[in-house]
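>
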Amino acid sequence: MKKMMLKTTLGLAVTLASTQIFASGFALNEQSISGMGTGFAGRSSSADDASTVFGNPAGMSRLKRQQVTGGFAVIDASTDLSDTSGTQSGTNDGDMVPFTGVPMGYYVKPIDDQWAFGLGVYAPFGLITDYENSFQGRNFGSKSEVKVVTFQPTISYAFNDKVSIGFGPTINRISGSLESSLTTPFSPNDGNVQIKGDDIGYGYNVGLLVQATDTTRVGLTYHSKVKYKLEGHTEVSPGAGTPGFLLSGDRYDASLDITTPESLDFSVTQQINDAWTVYAGSTWTRWSRLKEITVNNDVTSGGALNPTLFGTITEEQNWHDTWAYAIGTSYQLNKQWVLRTGLTFDQSPANNTDRSPRIPTGDRTIFSLGAGWSPTEDLTIDVAYSYLKEEKVSVNSSNALGQAYNAEYENSANGFGVGATYRF
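Structure follows, in structure tokens:
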């Protein structure tokens, strides 16, 4: 019984995917407000401000002045549930993602005509979902919060005025807290399972930027995979009225190996004339690394009556690699104002067989608008808005305790961002 409980909670830690995040899987796209305005088309070729530390480290060579870029994006999500059914009674309110904020900050300092140094702090992965207490599918996930925060020192080198490269090691901290209801045939009331864990992992970002012609710039950025081993604990609270000899409360150590996937971003920035610029890009993400989840349990750390129930648990996920495609434009209205827009198509890595209430995500289309205002040569303020719409997807979940939950999910979201760049 506890084995099944653990499998449906800790075993899903890495596969959690908020349907309202503006990138596939549990990735985040909100690392640049100026980039958000063009739907992140041209992310690795634009190098408009210090957020290029993430978008393409080689782009720092284009920034001729020391500068700081900071921003904050918020996500207002909506989920409609229909055709719901299950073995448990309960509600299906949807809208399980609270109003969520994503901060970011960057610094770039040119050292000479060839070298530049930069720092970045941002969130490449994360989610939060919080269903109502009476949610009908609560046995398959009631509350989830996973955060990854990255610190990236970076250098770039310009071979000449045409070609530059950049590299930045990443220091990444992941933390997670997951909850599910525990319902058994032996209890008239729901119990609860909560797991918490964290770890620090290391990776790198590397980029190449080429000024192919006077009006055409091409960028390529590789974000490496990062391996984690989440160390934490699981707490089991049986429902009121459960006989103690059948299920007792417990706390024990648990660990889970997680690898966040590598990605490759290719984009082109094409200046049409003094006013118009067109951006296009595609991003490949290797979500196929997530074939299965293996959970390792310390059977000696808790007070379980039947420790032989614990051991190594494997759960199939079978995610697939994804592609995202984006196209965008900017229009320099005058010296102070630039207007932006973009359209993005983003695949979901989940499959129809393994999709659950924790990962009710499908392919998505995102429309974006943005603007930049420069009241002086030293300061630029950027704003952006994105609207996301997902295809309707089905969730059909079941477990060995005989519980099941089925629903149709239809997700959408509004994203708002504001940021500023100050040049010294």
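Using this note's numbering, the final residue of the sequence shown is 424, and nothing's skipped along the way.
Note that beta-carbon positions come from the ideal geometry of N, C-alpha and C, so glycine has one too.
#1: Going residue by residue through the stretch 91–167, where are the continuous alpha helix (DSSP H) segments of at least 4 residues, counting only ones entirely within it?
#2: Which residue's Cα is closest to the Cα of GLY419: LEU63, MET60, VAL338, GLY71?
#3: Suppose you measure from the CA of GLY415 to the CA of GLN152; what does that come to, to the nearest Å?
#4: Just tell me which of TYR409, LYS229, SER237, VAL149 has its CA closest to the CA of ALA429.
#5: Start and end of the beta strand (DSSP E) containing PHE266?
#6: THR353: buried (16+ other C-beta within 10 angstroms of its C-beta) or exposed?
#7: CB-CB under 7 Å to ARG43, same chain, minus the five flanking residues each way: which ones, in chain order?
#8: On the criterion of 16 or more Cβ atoms from any shown chain inside 10 Å, does ALA407 qualify as buried, or is it exposed?
#9: So ASN399 packs on ASN351, CB below 8 Å; how close in whole Å?
#10: Which value, in whole angstroms, describes the spacing of the CA atoms of PHE159 and GLY176?
#11: Quick one: is LYS143 buried, meaning 16 or more other Cβ sit within 10 Å of its Cβ, or exposed?
#12: Excluding the 5 residues flanking PHE125 on each side, which residues of the same chain have their C-beta closer than 7 Å to its C-beta?
#13: Would you give the residue range spanned by the beta strand (DSSP E) that PHE416 belongs to?
#14: So for PRO169, helix, strand or coil by DSSP?
#15: Nearest to THR91 by CA position, among ARG65, PHE135, ALA116, is which residue?
#16: In whole angstroms, what separates the C-alpha of ALA58 from that of VAL210?
#17: How big is the Cα-Cα spacing for VAL97 and THR215?
#18: Rounding to the nearest angstrom, what Cα-Cα distance links ASP93 and LEU127 in this structure?
#19: Tell me, please, which residues DSSP counts as bridged to ILE174.
#20: Going along the chain, which residues of its own chain have a beta-carbon closer than 8 Å to the beta-carbon of ILE111, five neighbours each way excluded?
#21: Is ARG423 buried or exposed, if buried means 16 or more other CB atoms sit within 10 Å of its CB?
#22: When you compare each of LYS162, PRO103, THR329 to SER61 by their alpha carbons, which one comes out closest?
#23: Following the continuous alpha helix (DSSP H) through SER34, name the residue where it begins and the one where it ends.
#24: Measuring alpha carbon to alpha carbon, tell me which of PHE367, ASN334, TYR131 ends up nearest LEU81.
#25: On the criterion of 16 or more Cβ atoms from any shown chain inside 10 Å, does PHE99 qualify as buried, or is it exposed?
#26: Taking the straight line between their C-alpha atoms, what separation do you get for VAL108 and VAL68?
#27: By the three-class DSSP mapping on this structure, what secondary structure does THR308 have?
#28: Under 7 Å between the Cβ atoms of ILE327 and ALA41?
#29: Which one of THR84, THR38, ILE33 has the shortest CA to CA distance from SER397?
#30: From HIS233 to SER288, what distance separates their C-alpha atoms?
#31: When you compare each of LYS335, THR341, GLY342, TYR409 to TYR359 by their alpha carbons, which one comes out closest?
#32: Quick check on DSSP: helix, strand or coil for TRP438?
#33: To the nearest angstrom, how far is the alpha carbon of LEU339 from that of LYS392?
Result, derived from the coordinates:
#1: none
#2: GLY71
#3: 25 Å
#4: Residue 429 cannot be examined here, being either before or after the span of the chain that is shown, 1 to 424.
#5: 263–271
#6: Label assigned to THR353: exposed.
#7: Only GLY35, GLY55, ASP265, SER267, GLY281 meet the Cβ criterion.
#8: When all chains shown are included, ALA407 counts as buried.
#9: In fact, because the Cβ distance is near 18 Å, the residues do not count as touching under 8 Å.
#10: 42 Å
#11: buried
#12: Answer for PHE125: PHE26, ALA27, LEU28, VAL148, THR260, listed in chain order.
#13: 404–423
#14: strand
#15: PHE135
#16: 9 Å
#17: 42 Å
#18: 19 Å
#19: VAL148, ASP199
#20: PHE117
#21: A buried status is given to ARG423, since no fewer than 16 other beta-carbon atoms sit within 10 Å of its beta-carbon.
#22: LYS162
#23: 33–37
#24: TYR131
#25: With fewer than 16 other Cβ atoms inside 10 Å of its own Cβ, PHE99 counts as exposed.
#26: 7 Å
#27: Because THR308 sits at a pLDDT of 47, beneath the cut-off of 50, its placement in the model cannot be relied upon, and the following sentence gives the value as read from the coordinates. Three-state result, THR308: helix.
#28: yes
#29: THR84
#30: 28 Å
#31: What sits at residue 359 in the sequence shown is Ile, not Tyr. Out of LYS335, THR341, GLY342, TYR409, TYR409 has the C-alpha closest to the C-alpha of ILE359.
#32: This structure leaves residue 438 out entirely; the chain is present only between 1 and 424.
#33: Roughly 32 Å separates the two Cα atoms.
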